[in-house]
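The listed protein sequences derive, respectively, from chains U and B.
Heads up: take any position in the first sequence, counting from 1, add 845, and you land on this note's numbering.
Heads up: take any position in the second sequence, counting from 1, add 845, and you land on this note's numbering.
For glycine and all other residues, C-beta sits at the position ideal for the given N, C-alpha and C.
Taking it in order: structure first as structure tokens, then the write-up.
There are 2 protein chains.
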Amino acid sequence: MTAAADFRPVYQRELDDLRNQITSGQLAPGDALPSEEELAQHYDISRSSVRGAIRALRDSGLVEVHRPRGTFVRTPPIRTVRAPTERYQWEKNRARLPLAERDQTGTSERESGLEKDELDFHATYERQSASEQVASKLGVEPGTEVLQRIYETRRKTTQAVIGCSRSYLPTRLIESNPDLFDASNEPWPGATSHQLYTVGIEIDTITDSVTTRMPTVDEKSLMRLVDGTPVFEIQKISTSTTGTVVEVSIIVLPGDRAELQYTIQLQRWE
Amino acid sequence: MTAAADFRPVYQRELDDLRNQITSGQLAPGDALPSEEELAQHYDISRSSVRGAIRALRDSGLVEVHRPRGTFVRTPPIRTVRAPTERYQWEKNRARLPLAERDQTGTSERESGLEKDELDFHATYERQSASEQVASKLGVEPGTEVLQRIYETRRKTTQAVIGCSRSYLPTRLIESNPDLFDASNEPWPGATSHQLYTVGIEIDTITDSVTTRMPTVDEKSLMRLVDGTPVFEIQKISTSTTGTVVEVSIIVLPGDRAELQYTIQLQRWE
DNA sequence: GAGTGGTCTAGACCACTGT
DNA sequence: CAGTGGTCTAGACCACTCC
């Protein structure tokens, strides 16, 4: 039914209308949208069509649903800057400091801008044989024994995961220090840089390969991601001063709350 | 109707089933899914519910729809690696080479792995007053005159946009060379590095701030993105050897076909 | 012309929240 | 208890492509 002056799908009118109201600020962040029933009556369309429009708004991150309270204009999330260029150097410098200083601040606190007691940190260790993918990155044969370490940092208040990483180290490189196989030593003061330092390894180069994708179902609920939020996946490869790949990490970060900052210093002319 | 042995939504059974078939390889990339009607009969649910499941599969990038041919298992797209760490240095080095050498290969070809004649390159220039956002990045007063340059690189065959960037230069810095205001000189051999070289500017540091988000409606159709594909947005800030910000660029890349690779060289111990 | 997915309607019941 | 969004059904018509 209804006038067909418009050739586009019925719900487009509602979609455009709401989108305009939001981007123009007529509907401010935090404001509630009318209920689906009300919208259906207002635009004289069925509730299914209303839901189509709202889905489009969700997918583009403009609104979020708090069931069963209603649908609200989304407050743009604050992005935490992660600056690997400086961060990795900072970590390396800390590795040779005395324990007292290494123990001061962990990397997660430094970067998230949160205090130690606002964060829950969790580490799981497991000896594994390297999958094909990990092996090829590490430059070892598939099946070679590696130590898998899974790190999760959560906000204490909400228990939402802020960042999650899986790290792989060939066990052969680190077996001279049995402490490195014991997860209960985490959080290790001075992080991986210091752990490797105890077995005589110095990191020379780190390569971050950054990709973006939609989260898996698990990641979505773990990180409390709203619909239409992508994630960063960073593959971090650390090479030692002897040219060996010593660690591969896969880091997943919520795409709406993270910003990655890389600084490239160019060589001077002349 | 139907047995309620399962507490989850009706379409979950179909969703899990199809997801397994795809990840296990039972349904290979390129294979067609059964039609919505067939699926509805097979799982004994309504077509709307089938569509819910298919939408979830699309959103997680597992299938794509070629209307009205059918729904197909998606072939994982090939990611083109973009390595700014080397790329920016390469561009800078080229700036002082003779014209003949600068003219050889452009940056877009080098990085996309495609030949010059497979790409369509388009540039638009416009003098503007700086928006608040651009001005704050450039470190100038809002309203200061800037040159906006919009670059679009398309695949010649499909006309799909491979990358799009908007660059802003304060006109004051470059007014000594009128050629720099003429878009018909694009593609300029040696790119921005050489353009700035002609007005005596040497770039010292470049900072890339990488974020990820869902594309706007326009970006989605321009880049021919399938549903559930995020984009990278890179804010590139170039600083000259005198410490002045000379260029701000905003680069948007398709998230399913791009990979960003940054290399961090650490200082040696001792 | 057959078959596909896109859109749409007009109903219905549910779990959950806040009052 | 009222009101929300989530799920679901059983129909319908359409534009489009491929044969």
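Query raised in the report: On the premise that B/S1010 lies in contact with B/I1095, defined as a C-beta separation below 8 angstroms, what is that separation, rounded to the nearest angstrom?
Result: 7 angstroms
Query raised in the report: Along the chain, which unbroken stretches of the beta strand (DSSP E) at least 3 residues long are found entirely within the stretch 906 to 941 of chain B?
Result: 908 to 911, 915 to 918 and 925 to 927
Requested in this report: Check the Cβ-Cβ distances between B/I1046 and every residue of chain U, and say whether any is below 9 angstroms.
Outcome: With 9 angstroms as the cut-off, B/I1046 does not count as an interface residue toward chain U.
Query raised in the report: Who are the Cβ neighbours of U/N1030 in its own chain at under 8 angstroms, not counting the five residues just before and after it?
Result: D1024
Query raised in the report: How about U/V918 and U/V908: are their beta carbons less than 9 angstroms apart?
Result: Taking 9 angstroms as the Cβ cut-off, U/V918 and U/V908 qualify as a contacting pair.
**Report entry** Range of the contiguous beta strand (DSSP E) that encloses U/K1081
**Finding:** V1076 to S1085
Query raised in the report: Thinking just about the alpha-carbon of each residue, which of B/D1053, B/S893 and B/V1044 is nearest to the one in B/Y856?
Result: B/S893
Query raised in the report: Can you tell which of U/Q1004, U/Q949, U/A901 and U/Q871 has the C-alpha that lies nearest to the C-alpha of U/D1072?
Result: U/A901
Query raised in the report: Ordered along the chain, which non-local residues of its own chain (more than five positions away) have a Cβ less than 6 angstroms from that of U/I1046?
Result: S1085 and V1091
**Report entry** Inter-residue CB distance, B/R1058 and B/P922 (contact presumed, cutoff 8 angstroms)
**Finding:** Wrong, their Cβ atoms sit about 18 angstroms apart, outside the cutoff.
Query raised in the report: With a CB to CB cut of under 6 angstroms and the five nearest residues on each side skipped, what residues in its chain are close to U/D877?
Result: One point to set straight first is that residue 877 of chain U is Ala, not Asp, in the sequence displayed. So the list reads G915 and F917, once near-sequence residues are dropped.
**Report entry** Buried/exposed call for U/D1053, threshold 16 Cβ in 10 Å
**Finding:** By the C-beta density criterion, U/D1053 is buried, having at least 16 other C-beta atoms within 10 angstroms.
Requested in this report: Taking only beta carbons into account, state which residues of the stretch 903 to 914 of chain U come closer than 7 angstroms to chain B, listed in chain order.
Outcome: D904, S905 and G906
Query raised in the report: Smallest Cα separation from B/T1037: which of B/T1056, B/Y1107 and B/Q934?
Result: Cα-wise, what sits closest to B/T1037 is B/Q934.
Report task. Please confirm whether U/S1012 and U/R994 have their CB atoms less than 9 angstroms apart. Result -> yes
Query - Neighbourhood of B/T920 by C-beta, 8 angstroms cutoff - its chain only, sequence neighbours within 5 removed - result: Excluding residues up to 5 positions away in sequence, P874 and G875 lie with their Cβ nearer than 8 angstroms to the Cβ of B/T920 in the same chain.
Query - For B/V895, the three-state DSSP class (helix, strand or coil) - result: Helix, per DSSP.
Requested in this report: Please look up how many angstroms separate the CB atoms of U/T1056 and U/E1078, rounded, as I've assumed it's under 8 angstroms.
Outcome: 5 angstroms
Report task. State the DSSP-derived secondary structure class of U/P1145, mapped to helix, strand or coil. Result -> Residue 1145 of chain U lies beyond the residue range present for chain U, which begins at 846 and ends at 1115; the question has no answer from this structure.
Query raised in the report: Any residues in the stretch 850 to 867 of chain B with a beta carbon nearer than 7 angstroms to a beta carbon of chain U? Which ones, in chain order?
Result: none
**Report entry** Cβ-based burial, U/S1063 [other Cβ within 10 Å; buried from 16]
**Finding:** A small fix is needed here, since residue 1063 of chain U is Asp in this sequence, not Ser. So U/D1063 ends up on the exposed side.
Query raised in the report: Bridge partners of U/I995, per DSSP?
Result: Answer is U/T969 and U/R1011, bridged to U/I995.
Report task. Would you mind reading off the limits of the beta strand (DSSP E) that contains U/D1053? Result -> I1048 to R1058
Query - U/L860 versus U/Q886: straight-line alpha-carbon distance, rounded - result: So the two alpha carbons sit approximately 15 angstroms from each other.
Report task. Taking all protein chains shown into account, decide if B/T969 is buried (16 or more other Cβ within 10 angstroms of its Cβ) or exposed. Result -> exposed
Requested in this report: Could you check the C-alpha separation between U/R947 and U/Q1110 for me, to the nearest Å?
Outcome: Computed Cα separation, rounded: 28 angstroms.
Query raised in the report: Counting contacts by CB-CB distance shorter than 9 angstroms, is B/D1053 in contact with chain U?
Result: yes
**Report entry** U/S976 in three-state terms, based on DSSP
**Finding:** In this structure, U/S976 counts as coil in the three-state DSSP scheme.
Query - Length of the line joining the Cα atoms of B/P854 and U/P879 - result: Each residue's Cα considered, the two are about 26 angstroms apart.
Query raised in the report: Exposed or buried, what is U/K937 when buried is set at 16 or more other beta-carbons lying within 10 Å of its beta-carbon?
Result: Answer is buried; the Cβ neighbour count reaches 16.
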